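Report on one structure; see the data block that follows.
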Amino acid sequence: MRRLCLPTADCLEKEIEDVRLEMYISYQNNLEYKELVKISQKLDGLLNQLDEITKQ
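The opening position of the sequence shown corresponds to residue 40 in the numbering used here, with each subsequent residue numbered one higher.
Below, the structure is given as structure tokens:
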């Protein structure tokens, strides 16, 4: 489930956990490698956003 919120640290942390769970479930369900890479890239982007916010 996607959350719509401003990029605050709390909101990003929740979204990161959602995407981590999505990636784990997708891996367990043998999703194609290309799709796992897309999810991983989405997770990387969220982690980078969180890093930028917490540096401020």
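Where a beta carbon is used, it is the ideal one built from N, C-alpha and C, also for glycine. Fair warning: this is a prediction, and the values are worked out from it, not measured in the lab.
Would you please state the rounded distance, in angstroms, between the beta carbons of residue i and residue j? I believe it to be under 8 Å.
i: Q80; j: P46; result: Rounded, the Cβ-Cβ distance is 17 Å, inconsistent with contact.
With burial defined as no fewer than 16 other Cβ atoms inside 10 Å of the residue's Cβ, what is the status of residue i: buried or exposed?
i: V58; result: buried
i: L85; result: buried
i: E71; result: exposed
i: E52; result: exposed
Using a Cβ-Cβ cutoff of less than 7 Å, which residues in the same chain neighbour residue i once the five nearest sequence positions on both sides are dropped?
i: M62; result: L75, I78, S79 and L82
Short of 6 Å in beta carbon distance, which residues of its chain neighbour residue i, apart from the five on each side in sequence? Order them along the chain.
i: L60; result: none
Specify the secondary structure class of residue i as computed by DSSP and reduced to three states.
i: N69; result: coil
i: T47; result: coil
In chain order, what residues of the same chain have a beta carbon less than 8 Å from the beta carbon of residue i, not counting five sequence neighbours either side?
i: A48; result: L89, I92 and T93
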